[in-house]
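Position 42 of the sequence shown, counted from 1, bears residue number 29 in my numbering, the numbering being contiguous throughout. To start, the structure itself, in structure tokens.
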Amino acid sequence: MDMVNFDLWDSNILYHDGKLCWIDPERSFWGDAVADFITLGCGQKSPLSAKSGEIAVYNRTAENPIVYGTDAEIRYQIAVGYLALIEEVEKYVRYEPEEENYIRNTVDAAAMFDMAFSILL
């Protein structure tokens, strides 16, 4: 198991005195490192197969390299479904139905659910 934070962007990455920290408690968990690739590279609506460059960089230093194949793609799609669930739930806590972010979460979650379930069915 690895610490996963599949919301890696500059506001969630802190650097101070030579220490690098990732923050975002709602999207961090101990699990499959393949989930980290959802928000890397070409984004969360892209299949794992589109992120071969990012995987290669990761694998250069990883204790447990990611081996691309059907199993990795299925694990990735399960993680996409998990992120879709988070986005679907968080819109009720963070936003009002008429807000742009509420609508964005609704659209994003639907697209990610479709993506996740397309490979799992």
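Beta carbons: idealized from backbone N, C-alpha and C, even for Gly.
Buried or exposed: which applies to tyrosine 63, given that a residue is buried once 16 or more other Cβ atoms fall within 10 Å of its Cβ? The sequence position of residue 63 within the sequence shown is 76, counting from 1. Under this definition tyrosine 63 is a buried residue.
Cross-strand partners of cysteine 8 (DSSP beta bridge): Within the sequence shown, numbered from 1, the residue matching residue 8 stands at position 21. BP columns for cysteine 8 point to Leu1.
In this structure, does DSSP put aspartate 58 in helix, strand or coil? The residue you call residue 58 lines up with position 71 of the sequence shown. Of the three classes helix, strand and coil, the one that applies to aspartate 58 here is helix, per DSSP.
Unbroken beta strand (DSSP E) run spanning valine 113, endpoints: As shown, the chain starts at -12 and ends at 108. That puts residue 113 outside it, with no answer to give.
Nearest-angstrom Cα separation, counted from valine 21 out to isoleucine 53: Against the sequence shown, residue 53 aligns to sequence position 66. Against the sequence shown, residue 21 aligns to sequence position 34. Taking the straight line joining both Cα atoms gives about 7 angstroms.
Boundaries (first-last residue) of the alpha helix (DSSP H) holding asparagine 46: Your numbering for residue 46 matches position 59 in the sequence shown. First-last of the alpha helix (DSSP H) with asparagine 46: 39 to 46.
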